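First comes the structure, then the notes that go with it.
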Amino acid sequence: GIQVEQSPPDLILQEGANSTLRCNFSDSVNNLQWFHQNPWGQLINLFYIPSGTKQNGRLSATTVATERYSLLYISSSQTTDSGVYFCAVDRDDKIIFGKGTRLHILP
Amino acid sequence: EAGVVQSPRYKIIEKKQPVAFWCNPISGHNTLYWYLQNLGQGPELLIRYENEEAVDDSQLPKDRFSAERLKGVDSTLKIQPAELGDSAVYLCASSLAVGGGWETQYFGPGTRLLVL
């Protein structure tokens, strides 16, 4: 089946820093979403982005479907950005999540 | 607008006991998902419903797990009997799928299960 790999697995940054999270997938996909899971376990969808670029405030995402990767950019990090960021892909109605990138923003 | 509601939030049971989880999706969402999330891992899809129909249950361990979505709204996930390895967080999500596409999913807070 399709493989979803996220990098880096862990990231520790000072408040105010910028970061780039990557999601690679092993085969073509129909759709891709980015999620943030906060320290209390709540999963929040950030972007529904099968291709192209989207921006929402300090966050933006780019998916290059032909090269099988997606990037999530976080600018001017805040402590509330801490948590785990997951990408999930959909292929042939199978939904696969990556293992996530754990982000810790230090005050 | 109310989000996805799950109950209970926490459950502790002894192995071999039955357990059930309940999910109320966002009003109007026709697609409902149950996921299992182990510590340090991403969610794994167990079953996906479109209205009342289970369109993907390939990852549901059918020997002990069962699910239903009566009337295409609320859903219940059951484990009988529970095993130690079932300790995890069980997440419910819903979406408004149009034309069979995979649309934005909204997750509930999850039920944290501990099997002793």
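Line by line, the protein sequences give chains A and B. To convert, take the position in the first sequence, counting from 1, and add 60; that gives this note's numbering. To convert, take the position in the second sequence, counting from 1, and add 5; that gives this note's numbering. All residues carry an ideal CB built from backbone N, CA and C; glycine is no exception. Predicted model, so just to flag it, every value in this text is computed and none were measured.
Report yes if the C-beta distance between A/Arg128 and A/Asn84 is below 8 Å; otherwise report no. Annotated as proximal: A/Arg128 and A/Asn84, with beta-carbon spacing under 8 Å.
Counting only the same chain and skipping the five closest in sequence on each side, list residues whose C-beta sits under 6 Å from that of B/Leu121. Glu19
For the beta strand (DSSP E) that A/Ser79 lies in, which residues bound it at each end? 79 to 85
In this structure, what does DSSP give as the bridge partners for A/Ile109? DSSP output for A/Ile109 lists no bridge partner at all.
Are the beta-carbon atoms belonging to A/Gly143 and A/Leu166 less than 8 Å from one another? A/Gly143 is not a Cβ neighbour of A/Leu166, given a cutoff of 8 Å.
Below 9 Å on C-beta distance, what does A/Lys159 contact in chain B? Gly45, Gln46, Gly47
Would you mind sorting B/Leu119 into buried or exposed? The rule is 16 or more other CB atoms within 10 Å of its CB. exposed
Considering B/Asp79, what are the terminal residues of the beta strand (DSSP E) in which it resides? Where B/Asp79 is concerned, there is no enclosing beta strand (DSSP E), given that its DSSP letter is neither H nor E.
Starting from B/Thr109, trace the beta strand (DSSP E) both ways and give me its first and last residue. For B/Thr109, no beta strand (DSSP E) run applies, since DSSP gives it neither H nor E.
Output, in chain order, the set of chain B residues within a Cβ distance shorter than 9 Å of A/Asn84. Here the premise fails: no neighbours, minimum Cβ distance about 14 Å.
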